[in-house]
Amino acid sequence: MASLPDFTPAAGHLDRPRTWWQRSVVRLAALFQRLRHRVRRGIVALRATQRELRRSPERNALSLSKVFRTTAFKLSVAYLVIFAIGSAFVLGGVAWNVNGLLNEQITQTIQAEITGLAEQYEVGGIRQLVEAIDRRTRLPGSSLYLVTNYAGEPITGNVGTLPAGVIERTGLLVETPYGKPNETKMTHLAVARIFQLPGGFRLLVGRDLEERENLRTVMTHALVISLLWLVAIGLVGGLFVARRVLRRVDAMNATARTIMATGDMTRRLPIAGTGDELDRLAANLNALIARIGTLMAGMKEVSDNIAHDLRTPLTRLRNGAEEALRHEGDSEDYRAALNKVIAESDGLIGIFNALLMIARAEAGSGREGMTAFDAGEVARDVAELYEPVAEDQEIAFAVEAADGLHVRGSRELLSQALANLVDNALKYGLPESHSGPGEQERGSIAVTARREGRDVTISVADHGPGIAEIDRARVFDRFVRLEGARSRPGSGLGLSLAAAIARLHGGTLEIGDNAPGLRITLRLPAVDNGILALPGLAQGKGEEGRP
């Protein structure tokens, strides 16, 4: 009978000068070598950056202890630990899977070779089996083979020595030390399977585990080195980031200390322009500083205006009292002098009351007691109050107010604001040619309340000289009186109070051209079924108006 061909399914794959796991080891070694070079270049760049930082004049302020206490460094360390643990799990998982795949491949190879050699034995007996094993043992990178007789004496193979009893463990996959021929010590490790052949012969087929151990050593070494480099790069990067963040924070602290020490509200915190959280914080703090500066300037201006504008009524009050004391007169003269004193005092009290109401409105006082009410009804009530005054001055007065214009707020404060607007129109809303009751041209005032989208608007329009465009930005400030209004009675607080009340109600006070004349509009959020039609309270600018 012709002999069957030598059946070695894995021999063509495993007996090449370099197996697939050997090539994998080489590739991994090359990969880690490239990674090492890149990490070294990164370390060199970081060291260069550190040298630049040491040359900076601010290096004395950035002590190492301060860097370690920064939130940026602590976050960097936390991220480093998390990333290191994750990397260890990933690399460990890769090593575990590679080791399992390698063991499975070795097991399949051993089983395939045993099957092939068993067929050789069935076809040609022990002689053909020995010849096949002799051919395979002469190939480079061959597997391990050993054939013994019924007494356990070796017949052929490339395994010299084995521990006692191993050759008798037939049918099992064992991991055992062994020695090569002409070696007395068992210095090698292999995984093998023993197969029982007919006639009492035993066949051992195995693979040396040196390549697997080499791969395991490479993976362990790569894991340890990667983690060490990761820790080193993370610490250096954390220090670098923390120093940069600390420098920016120190610059902000220095500016804040300068502002507190000098009171210079024109200084601003530095902004790097990166748009990160520090830039946003600096921008908000700069806005806060600007707001504080505006408030302080407003307080100074108010104080100066109070001192300036109250000087005249106080002087008149003192001169009237002095005049009454200087000239002797009867009781009627003294009564007239006292009435003047009372009138001047009432004017001063009115100014202080207006200032107090403005301060309370700007502070948000009174929001707790706000309720829903009809703004159209308020407009009609105020118009009814001022109609006799307009009739006495021969001014046409018209009111048009729709029903159901519900807003949420204080009815009294809204009435006060609207009264200030109407009073302002009565004082300054007459045509320029109107000089008295005998003239043909008459002034006119129109009060209109209506719904506009989600807002309720109350407008007071006249046909007077109006306000120049350049003056509209400042007429809502306290004690501001334009040139044409200085000869008429007033304190310059009416529109300031109206604007403050509008902001308190989440609305705005707007100024427009009535062509000719002036139109001032109070715009408030409407309420539908007890719910604001416009969510939240708008921040009224109150930047336009007139005294």
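Per the numbering used here, the sequence shown runs over residues 400 to 946.
Think of the CB as a built atom: it goes at the ideal place given N, C-alpha and C, for glycine as much as any other residue.
Distance cut-off 7 Å: residue i Cβ against heavy atoms of the ligand MG
i, result
"G672", "Judged by which ligands are present, the structure shown has none, so any question about the ligand MG falls away."
Bridge-paired residues (DSSP) for residue i
i, result
"E909", "T920"
"T569", "I593"
"H726", "Note: H726 sits in no beta bridge, so no partner."
"D533", "D533 is not bridged to any residue."
"V493", "According to DSSP, V493 bridges with nothing at all."
"H577", "Here the sequence assigns Tyr to residue 577, which means His is not the residue at that position. According to DSSP, Y577 bridges with H587."
"D861", "I844"
"L602", "V546 and F594"
"G808", "T770"
"R850", "V855"
"T560", "G578"
"A800", "A848"
"D607", "A589"
"M555", "Position check: residue 555 holds Thr in this sequence, whereas Met was assumed. DSSP, once it has assigned bridges, lists V546 as partnering T555."
Inter-residue spacing [alpha-carbon to alpha-carbon] between residue i and residue j
i, j, result
"A511", "T616", "28 Å"
"G485", "R642", "27 Å"
"Y577", "R611", "16 Å"
"A720", "V740", "7 Å"
"G540", "V644", "59 Å"
"V640", "N498", "39 Å"
"H805", "T856", "11 Å"
"S834", "G863", "Per-residue confidence for S834 stands at a pLDDT of 44, beneath the threshold of 50, marking its modelled position as unreliable; the derived number appears in the next sentence. Their backbone Cα atoms lie some 12 Å apart in a straight line."
"I554", "Q519", "16 Å"
"I950", "R526", "Any answer about residue 950 is impossible in this case: the structure gives the chain only from 400 up to 946."
"G842", "V821", "13 Å"
"E722", "L709", "20 Å"
"I658", "I670", "16 Å"
"N913", "N823", "15 Å"
"T508", "V604", "9 Å"
"A477", "L500", "35 Å"
"D870", "R734", "43 Å"
"E503", "I513", "15 Å"
"S475", "R679", "21 Å"
"A591", "L543", "8 Å"
"P836", "A742", "Note that P836 has pLDDT 47, beneath the 50 cutoff, so the model's placement of it is unreliable and the number below is only indicative. Roughly 27 Å between the two C-alpha positions."
"A471", "G692", "32 Å"
"A589", "P562", "12 Å"
"V489", "W628", "16 Å"
"D546", "G599", "It is Val, not Asp, that sits at residue 546 in the sequence shown. If you take the alpha carbons of V546 and G599, they lie about 11 Å apart."
"A760", "G674", "36 Å"
"V565", "K584", "16 Å"
Same chain, Cβ closer than 7 Å to residue i, neighbours up to 5 away in sequence not counted
i, result
"E786", "F796"
"M756", "L896"
"G559", "G578, K579, P580, N581 and E582"
"R922", "D854, T856, G906, T907 and E909"
"N459", "Unreliable positioning characterises N459 in this predicted model, as indicated by a pLDDT of 45, which lies under 50. A coordinate reading is not provided."
"P456", "In this prediction, P456 scores a pLDDT of 46, lower than 50, which makes its location untrustworthy; the coordinate-derived value is nonetheless stated afterwards. Closer than 7 Å at Cβ, skipping near neighbours: no residue."
Option nearest residue i by Cα separation, candidates the options
i, options, result
"A517", "F594, G499, I910 and R642", "F594"
"R873", "V855, L892 and G863", "L892"
"A650", "L677, V859, F488 and A696", "L677"
"S814", "K473, R779 and E743", "R779"
"T665", "L687, I748 and D675", "L687"
"A848", "A550, R646, G746 and D802", "D802"
"G852", "P924, G749 and T920", "P924"
"L754", "T673, R647 and M698", "M698"
"Y549", "G570, A689, R601 and G524", "R601"
"L626", "G749, I505 and A487", "A487"
"R714", "V648, S744 and L572", "Reading the sequence as shown, one finds Thr at residue 714 and not Arg. Closest option to T714, Cα to Cα, is S744."
"A494", "R468, G637, E530 and M618", "M618"
"R537", "A816, G556, A860 and K584", "G556"
"N613", "E783, L596, H587 and P830", "H587"
"I624", "A483, V859 and V529", "A483"
"L716", "A736, S730, R725 and E727", "A736"
Beta-carbon contacts of residue i that lie in its chain and below 6 Å, excluding the five residues immediately before and after
i, result
"Q938", "With a pLDDT of 37 at Q938, under the threshold of 50, the predicted position of this residue should be treated as unreliable, though the coordinate-derived value follows. Nothing meets the Cβ criterion."
"A789", "F796"
"L479", "G633"
"R357", "Absent from the structure is residue 357, since the part of the chain shown begins at 400 and ends at 946."
"G865", "G916 and L917"
"L747", "P712"
"A682", "none"
"V630", "none"
Neighbourhood of residue i by C-beta distance below 8 Å, restricted to the same chain and skipping five residues each side
i, result
"G941", "Low confidence applies to G941: its pLDDT is 36, below 50, so where it sits in the model is not reliable, and the reading given next is rough at best. So the list reads F875, A898, A899, A901, R902, T907 and L908, once near-sequence residues are dropped."
"G491", "L622"
"N819", "G893, L894, L896 and A897"
"R766", "L903"
Which ranges does the alpha helix (DSSP H) cover as unbroken runs of at least 4 residues, wholly within the stretch 709 to 795, from first to last along the chain? 710 to 725, 730 to 761 and 774 to 791
Enumerate, from N- to C-terminal direction, the unbroken beta strand (DSSP E) stretches of 3 or more residues contained entirely within the stretch 663 to 702. Within the stretch 663 to 702, no complete beta strand (DSSP E) run reaches 3 residues.
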